[in-house]
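The structure under discussion appears below in the form of structure tokens.
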Amino acid sequence: MIKIRDYKKILCIYKDVFLLDLTAIGIGIIVGIIDTLFGKVLLEITNIRNSYVFQLIPFLPLTGIVTLFTYFGIGKNSIKGMSLIFSAGLNDEETIPKRLVPLVIVSTWLPHLFGGSAGREGVAVQIGGTVGYSIGRELNIRNSSKILLITGMAAGFAGLFQTPIAAIFFAMEVLTAGVVEYSALFPCILGAFTASYMSHTLGLEKFDVNLNYSLEFNIYLFLKLVLLGIFFGLIGGFFANLLNWSKKFFAQRIGDPILRIFILGCILSVFLLILHKGRYAGLGTNLINASFSNEKIYEYDWLLKFLLTILTLSAGFQGGEVTPLFSIGASLGAVLSPVMGLPIEFTAALGYVAVFGGATNTILAPIFIGGEVFGYNYLPYFFIVSAVAYVFNGNKSIYSAQKILGDVKKVISLE
Numbered sequence: 186m187i188k189i190r191d192y193k194k195i196l197c198i199y200k201d202v203f204l205l206d207l208t209a210i211g212i213g214i215i216v217g218i219i220d221t222l223f224g225k226v227l228l229e230i231t232n233i234r235n236s237y238v239f240q241l242i243p244f245l246p247l248t249g250i251v252t253l254f255t256y257f258g259i260g261k262n263s264i265k266g267m268s269l270i271f272s273a274g275l276n277d278e279e280t281i282p283k284r285l286v287p288l289v290i291v292s293t294w295l296p297h298l299f300g301g302s303a304g305r306e307g308v309a310v311q312i313g314g315t316v317g318y319s320i321g322r323e324l325n326i327r328n329s330s331k332i333l334l335i336t337g338m339a340a341g342f343a344g345l346f347q348t349p350i351a352a353i354f355f356a357m358e359v360l361t362a363g364v365v366e367y368s369a370l371f372p373c374i375l376g377a378f379t380a381s382y383m384s385h386t387l388g389l390e391k392f393d394v395n396l397n398y399s400l401e402f403n404i405y406l407f408l409k410l411v412l413l414g415i416f417f418g419l420i421g422g423f424f425a426n427l428l429n430w431s432k433k434f435f436a437q438r439i440g441d442p443i444l445r446i447f448i449l450g451c452i453l454s455v456f457l458l459i460l461h462k463g464r465y466a467g468l469g470t471n472l473i474n475a476s477f478s479n480e481k482i483y484e485y486d487w488l489l490k491f492l493l494t495i496l497t498l499s500a501g502f503q504g505g506e507v508t509p510l511f512s513i514g515a516s517l518g519a520v521l522s523p524v525m526g527l528p529i530e531f532t533a534a535l536g537y538v539a540v541f542g543g544a545t546n547t548i549l550a551p552i553f554i555g556g557e558v559f560g561y562n563y564l565p566y567f568f569i570v571s572a573v574a575y576v577f578n579g580n581k582s583i584y585s586a587q588k589i590l591g592d593v594k595k596v597i598s599l600e
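Taking the working numbering, I'd label the letters of the sequence shown as residues 186 to 600.
Now the structure itself:
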């Protein structure tokens, strides 16, 4: 017979679950609104930069100096960025200051206005993670700060890209490779779908492509998918490895971060101007659009975007990596299309998801990114290429603070 105290315990658990879920909806609303503001301004900034390339890009080094002075003056430990989010999520006793949200937004707008080759997803995840973590610390519920931090990460990703299912799995699997944080599943579902709905309702555009190909699945197509998965996984892993190495290298060679961002910013601005007049500045959405609309893609587009993104982030400029990874993967896929004998848009879509998965050391998120952006009827193809990319990425991640589960084994390791 169940005792009264057992009923009270069960009711207490359900009360906590209900409170977490209700809070997750609130987080989704808040983060969706912030994501919309951040994303819309970023798109306008991109349009302005594209209209005044030669007038704006030369000032990139100065914006870097302004950004660092701001962080050093009032940012506390906000400059750690995604590493701070990971540390808090992995229970390393880090505290995320609320000021991180406005700081990371403005410090991302500036380099994009003046040509930095960086992304936006990392910023959205930091926004969501900070909001979720801050609210979670106020609740007297076991693990509430971690659960709501993950919920916020999902909301941030979903609000910006409007891919809530991919966002849910990304947030739950990215902290520790090989572990999915299912304890946060339902709050993540509520937070991600709410944020996605909010940003869509407020007018933030979603990127999607209607692939219209009927491919016969046979052994030859399977082998091509495996080969592409290997290649995309290696490229994603190499990007992550080179990014982490170059950050350490430049930090050792130029110890003063102000001097470092100025020198590398000067070099970067020169390259951005002389290489097709700003073609590789900003998010890389121009390369993504070109890959899916039969526009000109140079064989080296993906490589230059690859290198200039690494230089931007190694210099100390703020921004994410994911949208540049999408552009690297899509343009690389377009180049590989004739080699593999597959439609350009199809291989571009495979590269779009698999290079992202290889660089972030995730497997579920890229599969569902493919489904939500390109259509769920292609999910088996995304599954194969993403799974192979995950195996062959060398167990590397753009997130240096990501924890690797001890018994997760890969075919290739870059250690």
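Where is the CB? At the ideal position from N, CA and C, for every residue including glycine.
| query | result |
| --- | --- |
| Starting from the C-beta of ILE529, find all residues in its chain whose C-beta is less than 6 Å away, skip the five residues before and the five after it, and write them out in chain order. | ALA519 and SER522 |
| At the level of alpha carbons, what is the spacing between ILE443 and GLY249? | 8 Å |
| Have a look at LEU412, GLN347 and LEU460 and flag the residue whose alpha-carbon is nearest the alpha-carbon of GLY609. | What the structure shows of the chain is the stretch from 186 to 600, and residue 609 is not part of that stretch, so it cannot be assessed. |
| For a cutoff of 8 Å on Cβ pairs, would you count PHE223 as touching chain D? | Here chain D cannot be found, since the structure has a single protein chain. |
| Please report the Cβ distance between ARG305 and GLY504, rounded to the nearest whole angstrom; I am assuming they are in contact, meaning their Cβ atoms lie under 8 Å. | 7 Å |
| Sort out for me which residues DSSP pairs THR361 with in a bridge. | LYS588 |
| Would you list the one or two residues that DSSP bridges to GLY505? | GLY304 |
| Which runs of the beta strand (DSSP E) at least 3 residues long sit entirely within the stretch 551 to 581? Give them in chain order. | none |
| Can you name the start and end residues of the alpha helix (DSSP H) that ALA539 belongs to? | 529 to 545 |
| Just to confirm the assignment: which complete alpha helix (DSSP H) runs, minimum length 4, are found wholly within the stretch 230 to 260? | 238 to 241 and 245 to 259 |
| Give me the Cα-Cα distance between LEU410 and SER399, rounded to the nearest whole angstrom. | 15 Å |
| Taking Cβ positions, are THR255 and LEU288 nearer each other than 8 Å? | yes |
| Can you say whether THR280 is buried or exposed, counting buried as having 16 or more other CB atoms within 10 angstroms of its CB? | exposed |
| Could you tell me the distance, in whole angstroms, from the CA atom of THR293 to the CA atom of LEU387? | 21 Å |
| Give me the Cα-Cα distance between THR361 and ILE219, rounded to the nearest whole angstrom. | 27 Å |
| Hey, ALA500 and SER268: beta-carbon distance below 8 Å or not? | no |
| How many Å lie between LYS594 and GLY579 at the Cα? | The pLDDT assigned to LYS594 is 47, lower than 50, so where the model puts this residue is not dependable; a value taken from the coordinates is nonetheless given after this. In a straight line, the C-alpha of LYS594 is about 10 Å away from that of GLY579. |
| Below 8 Å CB to CB, which residues in the same chain sit around THR231 once its five sequence neighbours on both sides are set aside? | HIS297, GLY467, LEU468 and THR470 |
| Check ILE513 in the structure and name its three-state DSSP category. | helix |
| Kindly list the residues whose CB is nearer than 7 Å to the CB of ARG322, restricted to its own chain and excluding five residues on each side of it in sequence; keep chain order. | SER330 |
| Count Cβ pairs between the stretch 565 to 579 and the stretch 351 to 359 that sit closer than 8 Å; are there 3 or more? | no |
| Report the three-state DSSP secondary structure of ASN479 (helix, strand or coil). | coil |
| Looking only at its own chain, which residues have a Cβ that is under 6 Å from the Cβ of GLY213, when we skip the five neighbours before and after it? | ALA340, GLY376, THR379 and ALA380 |
| Just to confirm the assignment, what range does the alpha helix (DSSP H) spanning PRO442 have? | 442 to 459 |
| Over the uninterrupted alpha helix (DSSP H) stretch that includes LYS331, give me the two end residues. | 329 to 346 |
| Taking the alpha-carbon positions, what's the TYR237 to ASN325 distance? | 52 Å |
| In whole angstroms, what separates the C-alpha of TYR199 from that of ASN276? | 24 Å |
| Find the nearest neighbour of LEU535 within the set ILE452, LEU406 and ILE446, judged by alpha-carbon distance. | LEU406 |
| Whole angstroms are fine: how far does the CA of GLU506 sit from the CA of ARG438? | 23 Å |
| Is it buried or exposed for VAL430, if we count other Cβ within 10 angstroms and need 16 for buried? | What sits at residue 430 in the sequence shown is Trp, not Val. Burial call: exposed. |
| Output the boundary residues of the alpha helix (DSSP H) element that contains SER292. | 285 to 298 |
| Can you tell me whether TYR485 is buried or exposed? The criterion is at least 16 other CB atoms within 10 Å of its CB, across all chains shown. | exposed |
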